[in-house]
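Colleague:
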Amino acid sequence: MAAATRQLFVNSPASRSVTIDLGAATTFVAWGSITMLDPRIQFDRDNAVVIDIPFIDGNRTNTQVFGGDHWGASGAFSNVHDSAIVRFGRTVTFRMRTFGPDIDAMGCGIVITNP
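995 is the number of the first residue of the sequence shown in the numbering used here; add one for each residue after it.
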């Protein structure tokens, strides 16, 4: 078994992404975890934080949430994609986003491969 993690830190409003290259195609489990939220004023309706996995090997993953104040229309890339996944592939792209003028967040993308 092998594992890889990458940290993402975002000052609102912003987006960051990171891709983990496993070196060869393999079976893996991957998930994103938000590890810190820091509302600089107050956490309210204009704030949102998400970490998702928009790409595996450059191919888009499934949409899980769309619409509302923060996400796009059905099919838009701005929607929330899978946040945990078991797949066969080589690269996993994590994306972390914050919304609103007054929130910072940190998270990590984690991948564990099958031996």
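The beta carbon of each residue, even a glycine, is placed where N, CA and C say it ideally should be.
Would you mind sorting D1046 into buried or exposed? The rule is 16 or more other CB atoms within 10 Å of its CB.
Modeller: It counts as buried.
Colleague: Tell whether a beta-carbon distance below 9 Å holds between G1083 and T1029.
Modeller: Their beta carbons are not under 9 Å apart, which means G1083 does not touch T1029 by this criterion.
Colleague: Using only the alpha-carbon positions, how far apart do R1034 and P1109 sit?
Modeller: Approximately 43 Å, taken between the alpha carbons.
Colleague: In whole angstroms, give me the CA-to-CA distance for D1051 and F1003.
Modeller: Cα to Cα, the separation comes out at about 23 Å.
Colleague: Check whether the Cβ atoms of F1088 and V1023 sit closer than 9 Å, and answer yes or no.
Modeller: Contact flag unset, no.
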